[in-house]
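Novice: Below is one structure. I have some questions about it.
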Ligand SMILES: [Zn+2]
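Residue numbers (the working numbering): 125 to 460.
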């Protein structure tokens, strides 16, 4: 499931590609035809993320307009946006390639998509069950497989946001200031006896953290995931907020998650312990490998999907168990 860094990256991409433009909105698959009709021909005036929620704001007029309707999208486990553009410099800068898919991972298909030269650009035909297509002046965005895709009012958007916890990637944390957001997170965790490893997956406690950031921030803080929230010192919880703010901003910049410090990575990538073929299939998937300067996925994490492999710091085999519906990974020694 995409975590907050991916959704904030999507908001940035929509801002760069489409904000200020009149969009053609359609539902090639047909399931969102009524919603698309409400937005078709309107101007995209805002693109925002809060945790895993993406909000695209539409208005009838361009100049100084505030959003009258919002498209709310939650990608869930299987959703993805696929972008294609006409090859103009701004588009390539925003999406990194003539055609790019942003979901659980970012991928650039190896197909012969011709970016064209601008004037003669025709958007590619929709691939798969495209719930909604947004077509602007130089680019197109196709949404497939979302958990949520609906048109809502500003009031309904506010109601959705009121149920969300603070978001380390929002400029004000979603609480008016970074300090207030940090304090709110600490207070929410501390007032509950629910294990901290479960609370980190609760979008009402902190918005945008998913299974990778949960495991990795607990490891980096050396916190036992099963420890009740009210037993964890406030300084350690606040430290996790600060760490998440750094890690998630780095994730926005890279387009993928890296939590390992250079000194804890396997030199040159050749020292990774061999794994059975069946395990290799379960390795984390992302598009880091092969890009210049990228951290290979095998070296990107301390514990996530490294169960059975030696801890990068102490050598103890990494453990796993189900917690809050997803597999948790941790080191029983470092986080004891
Ligand atoms: Zn360890």
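The beta-carbon is built from N, C-alpha and C at its ideal position, and this holds for glycine as well.
Comparing the CB of residue 437 with every heavy atom of ligand 1, is any distance shorter than 8 Å?
Specialist: Flag set: Cβ of residue 437 near ligand 1.
Novice: Does the beta-carbon of residue 387 have 16 or more other beta-carbons within 10 angstroms, so that it is buried, or is it exposed?
Specialist: exposed
Novice: Taking all protein chains shown into account, decide if residue 296 is buried (16 or more other Cβ within 10 angstroms of its Cβ) or exposed.
Specialist: With fewer than 16 Cβ atoms within 10 Å of its Cβ, residue 296 is classed as exposed.
Novice: For ligand 1, is there a heavy atom less than 8 Å away from the beta-carbon of residue 383?
Specialist: No, the Cβ of residue 383 stays beyond 8 Å of every heavy atom of ligand 1.
Novice: Specify whether the segment 423 to 432 and the segment 310 to 324 touch according to this definition: at least 3 beta carbon pairs, one from each stretch, less than 8 Å apart.
Specialist: These segments do not touch.
Novice: How about residue 275 and residue 200: do their beta carbons lie closer than 9 Å?
Specialist: No, the Cβ-Cβ distance between residue 275 and residue 200 is not below 9 Å.
Novice: Are the beta-carbon atoms of residue 307 and residue 298 separated by less than 9 Å?
Specialist: no
Novice: Using only the alpha-carbon positions, how far apart do residue 205 and residue 227 sit?
Specialist: 6 Å
Novice: Would you say the beta carbon of residue 440 comes nearer than 8 Å to a heavy atom of ligand 3?
Specialist: This structure lacks ligand 3; the ligands present are ligand 1.
Novice: For residue 323, which of helix, strand or coil comes out of DSSP?
Specialist: helix
Novice: Please identify the residue among 146, 224 and 293 whose C-alpha is closest to the C-alpha of residue 366.
Specialist: 293
Novice: What separation, rounded to the nearest whole angstrom, lies between the Cα atoms of residue 196 and residue 364?
Specialist: 29 Å
Novice: For residue 361, name the three-state secondary structure that DSSP assigns.
Specialist: Residue 361 falls in the helix class under three-state DSSP.
Novice: Helix, strand or coil, according to DSSP, for residue 311 in the structure here?
Specialist: helix
Novice: Three Cβ pairs or more, each shorter than 8 Å: is that satisfied between the segment 321 to 331 and the segment 171 to 184?
Specialist: yes
Novice: Considering only residues of the same chain and omitting the five flanking positions on each side of residue 130, which have a CB-CB separation below 7 Å?
Specialist: 226
Novice: How long is the line joining the alpha carbons of residue 458 and residue 390, rounded to whole angstroms?
Specialist: 19 Å
Novice: Do residue 147 and residue 165 have their beta-carbon atoms positioned less than 9 Å apart in this structure?
Specialist: Contact: yes.
Novice: Excluding sequence positions up to five away, which residues of its chain have a Cβ less than 8 Å from the Cβ of residue 203?
Specialist: The answer, listed in chain order, is 126, 197, 227, 267, 268, 269, 270 and 271.
Novice: Exposed or buried, what is residue 191 when buried is set at 16 or more other beta-carbons lying within 10 Å of its beta-carbon?
Specialist: Here residue 191 is buried: its Cβ has 16 or more other Cβ atoms, across all protein chains shown, within 10 Å.
Novice: Please give me, in chain order, every unbroken run of the alpha helix (DSSP H) with length at least 4 that falls completely inside the segment 339 to 383.
Specialist: 358 to 378
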